[in-house]
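Notes follow the structure.
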Amino acid sequence: MSENSVTRRDILRTLAIGAVSGSVLQVIPAKAAEYAHHVVHNEKAASPAGKYVPKYFSSHQYEMLTTLCDIIIPKDEKSGGAVEAGAPEFIDLLTSENEEYQLALGGGLQWLDSLCSDRYSNVFLDCTPEQRKEVLDLIAFRKNAKQDLTLSQGVAFFAFLRRLTCDGFYTSKIGIADLQYIGNTALREFPGCPPLPEA
Amino acid sequence: MSQVIRSPKMYDVCVIGSGAGGGTAAKVLTEGGLNVVLLEAGPPVTPEKDFKMLMWPYELPHRGAGVGGHAGENFGEFLAPNGAWNIEGEPYTSASGSNFQWFRSRIVGGRTNHWGRIALRFAPIDFKSATRDGLGDDWPITYDDLAPYYDKVESYIGVFGTRENVSSAPDGMFLPPPKPRCTDLIVKKACDKIGIICIPSRLAILTRSVNGRLPCHYCGQCGRGCVTASNFSSSQVMIPPAMKTGKLTMVTGAMAREVLLGKDGKAEGVSYIDKATRTEKRVNARAVVLAASACESARLLLNSKSSQFPNGLANSSGTVGRYLTDSVGSDGWGIIPQLEKMPPHNHDGVGGMHMYIPWWKFDRKNDFPRGYHIEFGGGREMPGIGEFNDLLHEEEGYGASVKKRARQVYGTGIGMAGRGEMIPNPDTYCEIDPIVVDKWGIPVLRFHFKWSEYEIRQAKDMQETFRAIIEAAGGEYKTKTPISGQRPFGIAEGGKIIHEVGTARMGADPKSAVLNGYCQAHDVKNVFVMDGAPLVTNPDKNPTLTIMALAWRASEYLLDEAKKGNL
Chain A
2 MSENSVTRRD ILRTLAIGAV SGSVLQVIPA KAAEYAHHVV HNEKAASPAG KYVPKYFSSH
62 QYEMLTTLCD IIIPKDEKSG GAVEAGAPEF IDLLTSENEE YQLALGGGLQ WLDSLCSDRY
122 SNVFLDCTPE QRKEVLDLIA FRKNAKQDLT LSQGVAFFAF LRRLTCDGFY TSKIGIADLQ
182 YIGNTALREF PGCPPLPEA
Chain B
6 MSQVIRSPKM YDVCVIGSGA GGGTAAKVLT EGGLNVVLLE AGPPVTPEKD FKMLMWPYEL
66 PHRGAGVGGH AGENFGEFLA PNGAWNIEGE PYTSASGSNF QWFRSRIVGG RTNHWGRIAL
126 RFAPIDFKSA TRDGLGDDWP ITYDDLAPYY DKVESYIGVF GTRENVSSAP DGMFLPPPKP
186 RCTDLIVKKA CDKIGIICIP SRLAILTRSV NGRLPCHYCG QCGRGCVTAS NFSSSQVMIP
246 PAMKTGKLTM VTGAMAREVL LGKDGKAEGV SYIDKATRTE KRVNARAVVL AASACESARL
306 LLNSKSSQFP NGLANSSGTV GRYLTDSVGS DGWGIIPQLE KMPPHNHDGV GGMHMYIPWW
366 KFDRKNDFPR GYHIEFGGGR EMPGIGEFND LLHEEEGYGA SVKKRARQVY GTGIGMAGRG
426 EMIPNPDTYC EIDPIVVDKW GIPVLRFHFK WSEYEIRQAK DMQETFRAII EAAGGEYKTK
486 TPISGQRPFG IAEGGKIIHE VGTARMGADP KSAVLNGYCQ AHDVKNVFVM DGAPLVTNPD
546 KNPTLTIMAL AWRASEYLLD EAKKGNL
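Here the protein sequences line up with chains A and B, keeping their order. Quick note, the first sequence lines up with residues 2 to 200 if you use our numbering. Quick note, the second sequence lines up with residues 6 to 572 if you use our numbering.
Rendered as structure tokens:
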């Protein structure tokens, strides 16, 4: 444990002891919170850098997963995309711990490669951007599975991956900033609602 | 059993469970001078280590989804420990045709570490249910008996609210409420339009300092547990003063197995499994307070068999485990386009609703008995797992459009939850499963559960009301519920609202009730039950505040009886 985490614990303990023993506190919770954020951030920065080693997916499948995450939530003029937000790592971690996810995603990626091989004699990653778009446009919409039953597994896979990609993105720092969420901080008073715009 | 380790020490009282009821009992009894041993089935809680206050999702590797994405089953990874519907090695069963879900929390403070902090008084009429409509039974006590204890509890734990003079929702000793959020203003305006009462809520969260506890810092995360104890939990507000008296002995990891009956017909102690060593131990006490949660206490009584009580301790009436109810619950949500235009702002507030809708149709004839209240929330909350599941279902595709739509709809949803009164019925109860034991060798509960037409009609009314409010606010109601099947009108499965009560109810007649009006067993004078089990009815007020008021009153009575030598 670093010195920092001891300090963090101490500052939080001070708060807790103050709370139950009735002492007048010199430190306000906002400061403690700010400090805690700082420490977590520093601990992360201190962890060994380098390329992420997937916990569940093969390197081929992980590359596919990363490509798909990037296509589902790309970078735009306002914010970075799902890959920058760490969605592939998040999905890999959950999948390594859940057999249902392993079937749905591991199997789903295999299914996608098979579809691409049938149609274009290439696995997904070796397809042209136009070919990739063509298959994704097939499995990104439920109505396509109604017309062509052979697509239904792919549609289910894509919907699941899309959900997880959104979860990964919108729980990240950049995803939360993208929504302009303001909060998770300690305030002395709650300001209430700013003037409501006309309905 | 030769390996039973007997503690020679004699305590005045053994309290089983450290939640709302047990914590209150421990405080009142130790401050009254009694030596108390408190058995808690879980570990101690260490707020600064165990609570995830002010953490961001990205500070956790699982982002709030939990290992394998499973935390969603238990309200997410941020929830204060250790509540769960399923505990490894500690099962329960449902009888064929029933599906009851039992949420338990094995840790000091129990479910009060993460509860919703909704602290509503029962109304005078809630104690006179049979007189009112012929259903169920009246309580052996009245609102006036309990009111001084509501005062004591509220003053001590800190509850915000406003005096409103609504007959279904009595006023209490309130701290000032927090300012309304935007969602509150919109719902309030819609309610005014269609004649529904909407008032500041009553939550056990400090808006001013009380007894040295810091006021709320408005991070909106009470369910995670509060490091500054600015909301109420038994572990941080009831247990510390009891500890301070020097008269409380806390035993954690102690799974109570049986209340032991002496030759004189009185309880003489409790035998428990020490989870760490898997050995059976025993404590001796002059009185026993069961506060393990309504169903866990019923289980203990039913498992405490003797020649005098072959059907379980204090169960000559045969009603232990009977009269089980949960709240009627049905939820819904809608989108409010007006909220799309709101500038980004801090919407967190306290960890719960700032306003709510108390039961408002008490002045007219309805097609179901009793009533319900409505909790609501939404708006610009901290984004989390599943944030856009509904949007993604509605709008397919991929790419830049997903982000654009997410920005547009974020913070525009308002969710509503109806919480209403269930009438006890003969098909709803718990009993000991004849076959299954838990990993500690203790026979487990088997649940029987059935909603009647009363509750289903109430859920229907909830759905209609949610829609009416959302539409009056210019919004689009999104929830669709079936009119039949397993969950007609979205009615939650039994147990899901986590308001299970009634399994050792109080009553004047020992033939039909387990306890007297002081939560004291009719059959065994030194046995008390101080959790949700004594409740005769389960009105739409959420039980925790009443559990504490009853426990406070019963504990004062116990102190008095102990002084008189009557136990």
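Backbone N, C-alpha and C define an ideal beta-carbon position, used for all residues, glycine too.
Contact between residue 468 (chain B) and residue 337 (chain B) is confirmed by a C-beta separation of about 6 Å, below the 8 Å threshold. By the CB criterion at 8 Å, residue 339 (chain B) and residue 482 (chain B) fall inside the cutoff. Under the three-state reduction of DSSP, residue 438 (chain B) is assigned to strand. The three-state reading of DSSP puts residue 48 (chain B) in coil, since its state is none of H, G, I, E or B.
Excluding residues up to 5 positions away in sequence, 260, 262, 285 and 445 lie with their Cβ nearer than 7 Å to the Cβ of residue 278 (chain B) in the same chain. Less than 8 Å divides the Cβ of residue 117 (chain B) from the Cβ of residue 238 (chain B). Unbroken alpha helix (DSSP H) runs of no fewer than 4 residues, entirely contained in the stretch 73–130 of chain A, are found at 88–97 and 108–121, following chain order. Residue 254 (chain B) is bridged by DSSP to B:42. Between the beta-carbon of residue 82 (chain A) and that of residue 75 (chain A) there is about 5 Å, and that keeps the pair under the 8 Å contact cut. Your pair residue 500 (chain B) and residue 106 (chain B) checks out as a contact, with CB atoms roughly 4 Å apart and the cut at 8 Å.
The beta carbons of residue 209 (chain B) and residue 124 (chain B) sit closer together than 8 Å. Checking the DSSP bridge columns, you'll see residue 276 (chain B) partnered with B:263 and B:287. Note on residue 380 (chain B): 16 or more other CB atoms within 10 angstroms of its CB, so buried under the neighbour-count rule. Taking a contact to require three or more Cβ pairs closer than 8 Å, the stretch 477–497 of chain B and the stretch 522–542 of chain B do not qualify as touching. The Cβ of residue 193 (chain A) sits closer than 8 Å to at least one Cβ of chain B.
Remark: C-beta atoms of residue 387 (chain B) and residue 206 (chain B) do not approach each other more closely than 8 Å. Residue 190 (chain A) has its alpha-carbon roughly 8 Å from the corresponding atom of residue 183 (chain B). When C-alpha distances from residue 86 (chain A) are compared across A:166, A:93 and A:98, the shortest belongs to A:166. With at least 16 other beta carbons inside 10 angstroms of its own, residue 536 (chain B) counts as buried.
Contact between residue 360 (chain B) and residue 192 (chain B) holds: CB atoms are separated by about 7 Å, below the 8 Å threshold. If you ignore the 5 residues before and after residue 322 (chain B), its C-beta comes within less than 7 Å of the C-beta of 515, 516, 517, 518 and 519, all in its own chain and listed in chain order.
By the 16-neighbour rule on beta-carbons within 10 angstroms, residue 17 (chain B) is buried. The stretch 105–115 of chain A and the stretch 151–169 of chain A touch, with three or more beta-carbon pairs separated by less than 8 Å. Look at residue 380 (chain B) here: in three-state DSSP terms it is strand. DSSP places residue 332 (chain B) in the coil class of the three-state scheme, outside both helix and strand.
When Cβ-Cβ separations below 8 Å define contact, residue 174 (chain A) makes contact with chain B. A distance of 8 Å or more separates the beta carbons of residue 351 (chain B) and residue 196 (chain A). Restricting attention to B:378, B:130, B:547 and B:142, the CA atom closest to the CA of residue 422 (chain B) is found in B:378. Close to chain B, meaning a Cβ-Cβ distance shorter than 9 Å, are the following residues of the stretch 90–102 of chain A: 90, 91, 94, 95, 96, 97, 98, 99, 100, 101 and 102. Neighbourhood of residue 186 (chain A) in chain B, by CB distance below 9 Å: 59, 222, 223, 224, 351 and 353, in chain order. Sorting B:493, B:217, B:82 and B:110 by C-alpha distance to the C-alpha of residue 89 (chain B) places B:110 at the top. Residue 189 (chain B) sits buried, since 16 or more C-beta atoms from the chains shown fall within 10 Å of its C-beta.
The stretch 93–101 of chain A makes no contact with the stretch 121–131 of chain A; the number of CB pairs closer than 8 Å stays below 3.
In terms of Cα proximity to residue 160 (chain B), the closest of B:53, B:115, B:194 and B:214 is B:214.
For residue 424 (chain B), there is no enclosing alpha helix (DSSP H); the enclosing beta strand (DSSP E) has its first and last residue at 418–425. Excluding residues up to 5 positions away in sequence, nothing lies with its Cβ nearer than 6 Å to the Cβ of residue 120 (chain A) in the same chain.
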